[in-house]
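Right, one structure below, let's go through it.
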C-alpha cells in the first residue's frame, strides 16, 4: 500500500495524475488538475475577490430562485467531460474549482460536485491564477463545451464575457470590457443582467 499523501510536496509535479489520485490526497492546500497536471490554487483570496465573488453569486442566485439551473461558488469540484468510456475516476484527468459556475442539467450535479461541463463559468483573476485562467482554463473550457465564460479583472474592475459559437469557439461579446455602472447581459440565462455598479459598490 502506498504512503498517504498529506502534503503537495510529496507529489511529483512533472507527472500526470487522475481524479482517482486526487480523491486520495489528504492535504489542506487546494489544487486543480488540468489534463493530468497539478496546479496550485492561490492562498486565501483577497477581501476584494471575496466581495466581488459574493455579489456576483448573490445576483445570480437571486435570479435562479425557483428555476432549474443552480449556481455554486468555490470550493466546488467540476470534473470536465471525456468520452463516456473514459468517465471512470482512474481515467478522468481534469478537476477544476471555478470561482462561480452555473449548471442547468441536474443530472450533472452529484454529491462530489459537478460531473460535466457547466453552462456558465466565472473566473476572478488574481495574480497567482491570471495566466492559468487566461490560457489553460480558457482553452479547457472552450474544448469542454462550457457555453459561457466570464473573466473578471479586479485591478481594472471589468468583465469580459465569451460565448461559445456553433463551431465550438469562444467569441468575445464585445471588444471593450464591461465596467460599472454598466449591466452585463448573460447569454445562457435570458433576462438576467449583472449590475456591475452593485458588484463594485
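In this note's numbering, the protein residues as written are 1 to 201. The beta carbon of each residue, even a glycine, is placed where N, CA and C say it ideally should be. As the structure is a computational prediction, the values presented were derived from the model and not from experiment.
- The three-state secondary structure of residue 54, taken from DSSP, is helix.
- Under the three-state reduction of DSSP, residue 123 is assigned to strand.
- Judged by DSSP secondary structure, residue 27 falls outside any alpha helix (DSSP H); it is assigned neither H nor E.
- Under the three-state reduction of DSSP output, residue 106 falls in the helix class.
- Contact annotation: residue 108 and residue 114 have beta-carbon atoms nearer than 7 Å.
- Using a 10 angstroms sphere on the CB of residue 15, the tally of other CB atoms stays under 16, which defines it as exposed.
- Excluding five sequence positions before and after residue 187, the CB atoms of its chain that fall closer than 6 Å to its own CB belong to 148 and 163, given in chain order.
- Three or more beta-carbon pairs drawn from the region 122-129 and the region 45-61 are found closer than 8 Å, and the two stretches are therefore classed as touching.
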